[in-house]
Amino acid sequence: MSVNDLFSASLKPINLGLDMFAADLKTQGVEPVLMDWTPPGGGDPEVIAALSRLEDPAVAEKIDAANQVALERILGSQPFLEGFGQAIDAVPGMTKTTILHSGPPIGFPRMSGPMKGAVTGALVFEGLAKDLDEAFELASSGEITFSPCHEHQSVGSMAGVTSASMWVHKVTNRTYGNTAYTNLSEQLSKILRFGANDQSVIDRLNWMRDVFGPVLAGAMELNTDGLDLRLMLSQALHMGDEAHNRNVAGTTLLIQALAPYILETDFTTKEKREVFDFVASSDYFSGPTWMVAAKASMDAANGIENSTVVTTMARNGVDFGIRVSGTGGQWFTGPAQEVIGPMFAGYTRDDSGLDMGDSAITETFGIGGFAMAAAPAIVALVGGTVEEAMGYSRTMNDITTGNNPNITIPALDFMGVPSGIDVRKVMETGILPIINTAIAHKEPGIGMIGAGITHPPVEAFQKALLSLSERISA
Amino acid sequence: MSRHIDIRKNTYLDSVSLMSMSTKANAVEGVTQALLGMATPMNKEVLLNVGVQDPAIDEAKPSDLMIVIDASEDTLEAAIASVNDILARKDKKAGEATETRYRTLDSAFAEAPDSNFVLISVNGAFAAREARKALNADKSVMIFSDNVSVEDELSLKNLAHEKGLIVMGPDCGTAIINGVGLAFSNAVRRGNIGIVGASGTGSQELSVRIHDFGGGVSQLIGTGGRDLSTEIGGISMIDGINALDADPETKVIVIISKPPAEEVAEKVLAVAGAASKPVFVTFLGSDRTESGYDNVTIVQGSKPLAIAAVVASGIDESTLDKHPLNIPLVEEVRAKLAPEQKYIRGLFCGGTLCDESMFAALDKYENVYSNIQKNADYKIGAMDASREHTFLDMGDDDFTNGRPHPMIDPSLRLQRIVQEADDPSVGVIAMDFVLGFGAHEDPVGVTIPAITEAKAKAAARGQHLEILGYVLGTDLDTPAFAGQVAQLEAAGVTIASSSTNLGLLAREFVAKGDN
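Residue numbers (UniProt numbering), protein chains in the order written: chain R, 1 to 474; chain Z, 1 to 515.
Below, the structure is given as structure tokens:
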């Protein structure tokens, strides 16, 4: 609007900055548009300069086009559960002395307490060490290969520790043909992935290896059609899950789909009964299933030149790493953050380990914290009101490329979940992705002590943006 | 230590909510332990393990809610109330209207498509980028922020010029667009006088004088203090003049600025000369008297400028109360001052007001020191003691570094007022009080104690210390002009009727027989 047109129009100012100016405008009967502004790029001049370079119309056009491709791939992905297998047979690059872990790469000495607990527990479970002390020595010896799940087409909840004989989901993206893996839920609380590693934990892992995994695998061998996980996930969201911290509906749907095939297997009734009881013991049974469905979808969107869409968010309890479609396998990291939320009786914030696990693949895909509005039942878990939960999901629209029409939120008029986190938008708005997650005790051997919400560190996005601005030109 | 046990029959809360409520209850002041849970066998056992035993708990059913609160005796009651509030899930935000706020300008543009202007007052390091977004979205901007680079200012103003928009600022403190005061501005009548100002308080002063003389303001366009530099070349000033020339509501154009770069002055005057309307110009502290254009008149001082403008706008000059300089008052004050009380100390919030008083003094005296002196020999810093005639612009960067502008937070000036009173060679302390949008809610009231103290100090050594005040504001401002003046008069402060008169009175009060 030209200056002279403005003179003859009704002034409608946007007040960007001091609130006292907005108050003065209101006194004069003018309704200013209000802002909740934070400096872009985390206030870093170098990042802001990079952001401005990427805003050059010719550059922005290329990025937008690439991001549309990435988004189409995320939305068009059809992850199907095809079966279960042991990691040594299924997961690419797996060896008997390999331990996969969550998050970006990390050596044993730097690992967090709970991850060390999980690693040593797994070494005992695999028979590579006779006890935890020996396992610590072995883990430090250099004889064990540590590698991120994400670099093996896999994801792992919490510590993400996956060893050769553990059973994993096999999920294929039928649209794009890629496959992804994740291990089985140990159900909640005092378990390996939260750093617990006593005999009860090892016993459970043994049972999972000898009974649980084989029963599930046998069931899926009988189901030659596979299970359409995207459809099931969509139903679960309509039933009040956000598929990260709440999995009540999804678990019911999944076991309902598996049950007929489990019954048809040749296992004993006692073994089948054990499987059903184990699944019923925690709502979390389907948690890993949604993670691997998200992983299979996000991998299809990776490696698109010029795309600024985030394809991985993962934490190892020390570092938080992201990977971006346009920069492929490169990790951009910052310090893992504290998780804020209610704790189990007897624990305080001082006991909390930092943010950990590959489960943020769900938020990367658009569920979990991004779909908070679908799960009003757990807003207490994330310390908020229902209205705040709605706000979380809406706010994520500000940092994403689009919405997923296949997975919708009834309470928001069936808005598709916000999908395709754009590094540029995160840096521009100062809004960090919201992540729903669990809290592990900071020491090895204890387990889960609470749940809550957290965010990635701003540094990871700053580094990613700088790298993108170097790579992408008009 | 006291314990409160409450069993609520048939009250169900899910474990997730209870966990969250427990966390909150344990944070209540005075609470050493709060346990909330359904009376399941497992939860009862948990209570037993931490030493909580009670027949009521034994009898409770799994459908009952158990509440156990341990707190010190004096806080137990309050703690129980707090925990009950938590259990009642009282919505803390109830009644609080929720305002829509946008995180980025892009989202504000998209969601509020009728927005047509952006007022930017974020940290200067980020202001240019936001201003560019506004211009690209076809919206004019006012940049209140300072510390924007010259390069950014130039590129923003060029962009605005190409798009027919205007950039007011950076470091633009004052504008009135369509009758709406922006940032630091006064409530003045609307009318047919258009102002383009390259100085914030100069523009405020001009608009207030115009109002005072019965005129009105169509638009007040600020340009920012650097607009008339060689680097920027007066882009916003020129665009502003052209916009006012094309504006049917504007009959008279008034320009006020500190002295511009010479070639920029020529350029600006040429544009003014090409306008179809009468243009009145004050370049404060400049010696220029002729514009070279028939429709462009150079005027010295903000008050004469306002008079010229209102007369040209159609107000009969003979009806004006011009508040001429009060000569008997000057004689009266001179008589009260001791021979050694030779100097003025001017303590200003408004930069242009400081300028105008300093220039008035410079017309008569050489030994005029200031933090905004162009002559390096007479320049002093914020930390330096005043000497001889001293005029301080306390809104300048060397005073504001890391603290709010004195129009908002006058504390630094209050100290300085008292400090100046220690010097027996001081005859008059002159100061401005700026009212209006953006300013302190009672600038006079907050200053009175310092004035009283300063006067008392002088009186203790047998001197009369003249305090000369000027209130920049109108009867429409909040607080209103009249109330502020009355407070000053009650404290024995002499009132100047304009910025121009403030400078003249201060100068004349301390003039001795030999000049």
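Positions of the beta carbon are idealized from the N, C-alpha and C atoms, including for glycine.
Beta-ladder partner(s) of residue i, from DSSP
| i | result |
| --- | --- |
| R/Ser154 | R/Tyr181 |
| R/Trp167 | R/Gln86 |
| Z/Arg129 | In DSSP, Z/Arg129 forms no bridge with anything. |
| Z/Arg345 | Z/Thr390 and Z/Ile429 |
| R/Leu34 | R/Asn15 and Z/Arg101 |
| R/Met343 | R/Gly450 |
| R/Pro335 | R/Asp319 |
| R/Asp422 | R/Val309 |
| Z/Gln33 | Z/Asp70 |
Interface partners of residue i on chain Z, CB under 7 Å
| i | result |
| --- | --- |
| R/Phe461 | Ordered by position in chain Z, no residue passes the 7 Å Cβ test against R/Phe461, which lies about 15 Å from the chain. |
Proximal chain Z residues relative to residue i, where beta-carbon distance stays under 9 Å
| i | result |
| --- | --- |
| R/Ile48 | Ala125, Phe126 and Arg129 |
| R/Met111 | Chain Z residues near R/Met111: none, gap ~28 Å exceeds 9 Å. |
| R/Met448 | Residues of chain Z passing the Cβ test: none, with the nearest at roughly 12 Å. |
| R/Ser352 | In chain order: nothing, as chain Z lies at least about 12 Å away. |
Proximity to residue i [Cα-Cα], best of the options
| i | options | result |
| --- | --- | --- |
| R/Gln256 | R/Arg73, R/Leu100 and R/Ala236 | R/Ala236 |
| Z/Ile451 | Z/Gln419, Z/Phe280 and Z/Asp6 | Z/Gln419 |
| R/Ile99 | R/Thr179, R/Phe21, R/Ala70 and R/His152 | R/His152 |
| Z/Gln484 | Z/Ile467, Z/Ala458, Z/Arg507 and Z/Val446 | Z/Val446 |
| R/Ala271 | R/Met20, R/Met208, R/Gly321 and R/Asn316 | One point to set straight first is that residue 271 of chain R is Glu, not Ala, in the sequence displayed. The residue with the shortest Cα to Cα distance from R/Glu271 is R/Met208. |
| R/Ile453 | R/Ala380, R/Ser325 and R/Glu126 | R/Ala380 |
| R/Ala217 | R/Phe320, R/Phe84 and R/Leu253 | R/Phe84 |
| R/Ile421 | R/Pro456, R/Pro444 and R/His441 | R/Pro456 |
| R/Ile435 | R/Gly357, R/Ser325, R/Val248 and R/Phe80 | R/Gly357 |
Contacts of residue i in chain R (Cβ-Cβ under 8 Å)
| i | result |
| --- | --- |
| residue 528 of chain Z | No answer is possible for residue 528 of chain Z: the residues shown for chain Z start at 1 and end at 515. |
| Z/Ser115 | Lys12, Pro13, Ile14 and Val33 |
| Z/Phe144 | Gly17, Leu18 and Phe21 |
Cβ of residue i within 7 Å of any chain Z Cβ
| i | result |
| --- | --- |
| R/Leu16 | yes |
| R/Asn200 | Rather than Asn, the amino acid found at residue 200 of chain R in this sequence is Ser. R/Ser200 does not count as touching chain Z. |
| R/Leu468 | no |
| R/Phe21 | yes |
| R/Asp131 | no |
| R/Ala464 | no |
| R/Asn397 | no |
| R/Met35 | yes |
| R/Pro39 | yes |
| R/Met1 | yes |
Min CB distance residue i to chain R below 7 Å
| i | result |
| --- | --- |
| Z/Thr155 | Looking at the sequence itself, residue 155 of chain Z is Ser, so the reference to Thr does not match. Chain R contact via Cβ: absent. |
| Z/Gly164 | yes |
| Z/Ile36 | According to the sequence shown, residue 36 of chain Z is Leu rather than Ile. It does not; no Cβ of chain R falls within 7 Å. |
| Z/Ser276 | no |
| Z/Leu119 | yes |
| Z/Ala94 | With a pLDDT of 44 at Z/Ala94, under the threshold of 50, the predicted position of this residue should be treated as unreliable, though the coordinate-derived value follows. Z/Ala94 does not count as touching chain R. |
| Z/Ala308 | no |
| Z/Val122 | yes |
| Z/Glu99 | yes |
| Z/Ala39 | no |
| Z/Phe184 | no |
| Z/Ala506 | no |
Chain-ordered chain Z contacts of residue i [CB-CB under 8 Å]
| i | result |
| --- | --- |
| R/Asp44 | Those within 8 Å of R/Asp44 in chain Z number zero; the least Cβ separation is about 10 Å. |
| R/Ser52 | Arg129 |
Interface partners of residue i on chain R, CB under 9 Å
| i | result |
| --- | --- |
| Z/Ile177 | Leu6, Phe7, Leu11 and Pro13 |
| Z/Thr23 | Gly341, Pro342, Met343, Gly383 and Gly450 |
Within chain R, partners of residue i - CB distance below 7 Å
| i | result |
| --- | --- |
| residue 516 of chain Z | What is shown of chain Z runs 1 to 515, which leaves residue 516 of chain Z out entirely. |
| Z/Gln219 | Phe7 |
| Z/Asp138 | Met1 |
- Item | Within 9 Å of chain Z by C-beta, residues of the segment 419 to 443 of chain R in sequence order | Taking 9 Å as the upper bound on Cβ-Cβ separation, chain Z lies near residues Lys425, Glu428, Thr429, Gly430 and Ile431 of the segment 419 to 443 of chain R.
- Query: When you check each C-beta in the segment 101 to 113 of chain Z against every C-beta of chain R, which residues fall closer than 9 Å?
  - Reply: Residues of the segment 101 to 113 of chain Z whose Cβ lies closer than 9 Å to any Cβ of chain R, in chain order: Arg101, Tyr102, Arg103, Thr104, Leu105, Asp106, Ser107, Ala108, Phe109, Glu111 and Ala112.
- Short-range partners of chain R found in the segment 65 to 80 of chain Z, where Cβ spacing is below 7 Å: Within the segment 65 to 80 of chain Z, not one residue has a Cβ closer than 7 Å to any Cβ of chain R.
- Message: Closer than 7 Å between beta carbons: that is the criterion. Which residues of the segment 361 to 382 of chain Z meet it against chain R?
- Response: For the segment 361 to 382 of chain Z, the set of positions with a beta-carbon nearer than 7 Å to some beta-carbon of chain R is empty.
- Taking a Cβ distance cut-off of 9 Å, strictly less, list which residues of the segment 193 to 215 of chain Z are near chain R, in chain order. Hits within the stretch: zero.
- Message: Taking beta-carbon pairs under 9 Å, can you tell me which members of the segment 471 to 495 of chain Z lie near chain R?
- Response: Cβ contacts with chain R come from Thr478.
- Between the segment 39 to 63 of chain Z and chain R, which residues of the former have CB atoms less than 9 Å from a CB of the latter, in chain order? Cβ contacts with chain R come from Val46 and Val50.
- Query: According to a CB-to-CB cut-off of less than 7 Å, which residues of the segment 428 to 461 of chain Z neighbour chain R?
  - Reply: For the segment 428 to 461 of chain Z, the set of residues with a beta-carbon nearer than 7 Å to any beta-carbon of chain R comprises Phe437 and Gly438, in chain order.
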